[in-house]
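S.K.: Going left to right, the sequence shown walks through residues 0 to 218 as my numbering numbers them.
The structure under discussion is supplied below as structure tokens; questions concerning it will follow.
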Amino acid sequence: MTHPIQSAKTALLALTIGLGTFMQGTAAEARDIQTAVVAGGCFWCVESDFESVTGVIEVVSGYTGGTSRNPTYKTLKGTGHYEAVEITYDADQVSYDQLLHMFFRSIDPTDAGGQFCDRGDVYRTAIFVANGSEQAAANQAVAAAQSALGQRIVTPVLTAARFYEAEEYHQDYYKGSNIVLTRRGPKSEAEAYKFYRDACGRDQRISQLWGNAAPFANH
């Protein structure tokens with residue numbers, strides 16, 4: 000026969016475990032998970048930058064803003080699509096305003112023809128907003144960047160369109176281990192990414208523009 004005291008202890012333990020599980024689930028459900036979509040030139044670089052931010056859960060490389068359905072890397076030209084990223088973040092840890100502040104200081108928002116060594120419409124910069132709150136925040140971020148630089152900002156604020164996830168080999172390219180052929184011979188994707196970023200002059204130009212305010216240059 001089970002002793003009454005032992006039964007009470009067992010019931011209390013079960014209640015405690017159940018309450019703890021419930022509280023964990025409630026806390027998880029209470030997280031304010033949001034998404035932001037921006038285009039900042041090469042999506043490998045933007046993905047790499049923002050995946051280092053505390054509060055960012057995931058960054059996905061993709062295409063948006065164009066006229067064609069189901070775009071691919073090889074069919075982007077002439078479609079109006081941008082290389083872009085979708086940033087999923089916990090708004091209790093990092094705000095949309097903070098992400099936009101970092102975004103502007105990770106690009107050259109004075110360049111309308113692309114970014115760094117990547118030229119053409121695909122590599123233009125933009126912020127894609129989904130509602131009035133994001134629109135107001137984005138407009139404020141543009142004004143703040145223009146005031147900080149003392150130069151005209153050409154990065155537009157656009158209405159969000161369908162976001163198409165890029166091919167699997169583009170995701171997390173900056174830390175990939177597959178071997179690819181570069182101008183300097185075979186390298187892992189991570190090595191090829193670093194070589195590309197250095198050769199393209201991204202961090203050099205950002206440092207020239209933003210100085211110590213650049214959050215990702217040479218990180």
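We put the CB at the ideal spot given by N, CA and C, even for glycine.
Just how far apart, CA to CA, sit Y168 and S187?
M.R.: Roughly 13 Å separates the two Cα atoms.
S.K.: Count the other C-beta atoms from every protein chain shown that fall within 10 angstroms of the C-beta of I178, then say buried if there are 16 or more, exposed otherwise.
M.R.: Its Cβ having fewer than 16 others within 10 Å, I178 is exposed.
S.K.: May I ask you to list the residues that DSSP assigns as paired with S187?
M.R.: DSSP output for S187 lists I178 as bridge partner(s).
S.K.: Quick check: what's the CA-CA separation for V45 versus V84?
M.R.: Using only the alpha carbons, I get a separation of about 7 Å.
S.K.: Taking C-beta to C-beta, are E57 and Y95 nearer than 9 Å?
M.R.: Contact: no.
S.K.: Using a Cβ-based criterion (distance less than 8 Å to any ligand heavy atom), does V58 qualify as near the ligand ATP?
M.R.: What this structure holds is no ligand at all, so the ligand ATP is not there to describe.
S.K.: Once the 5 residues before and after G54 are set aside, which same chain residues still bring their CB inside 6 Å of it?
M.R.: So the qualifying residues of the chain are Y88, D89, Q92, V93.
S.K.: For T71, count neighbouring C-beta atoms within 10 Å of its own C-beta (all shown protein chains included) and say buried if the count is 16 or more, exposed if not.
M.R.: So T71 ends up on the exposed side.
S.K.: Report yes or no: do the stretch 100-109 and the stretch 138-151 share at least 3 C-beta pairs separated by less than 8 Å?
M.R.: Verdict: yes, contact present.
S.K.: Can you look up T74 in the DSSP assignment and give me helix, strand or coil?
M.R.: Here T74 sits in helix by DSSP.
S.K.: Compute the Euclidean distance between the alpha carbons of R204 and A191, then round it to the nearest angstrom.
M.R.: Going from the Cα of R204 to the Cα of A191 covers about 20 Å.
S.K.: Bridge partners of G39, per DSSP?
M.R.: DSSP output for G39 lists T124 as bridge partner(s).
S.K.: Compare the Cα-Cα distances from T66 to each of A160, H100, F103, I32 and report the closest residue.
M.R.: Ranking A160, H100, F103, I32 by Cα distance to T66 puts A160 first.
S.K.: Rounded to the nearest angstrom, what separates G61 and Y172 at their Cα positions?
M.R.: So the alpha carbons of these two residues sit roughly 13 Å apart.
S.K.: Nearest to A212 by CA position, among Q97, T78, C41, is which residue?
M.R.: It is Q97.
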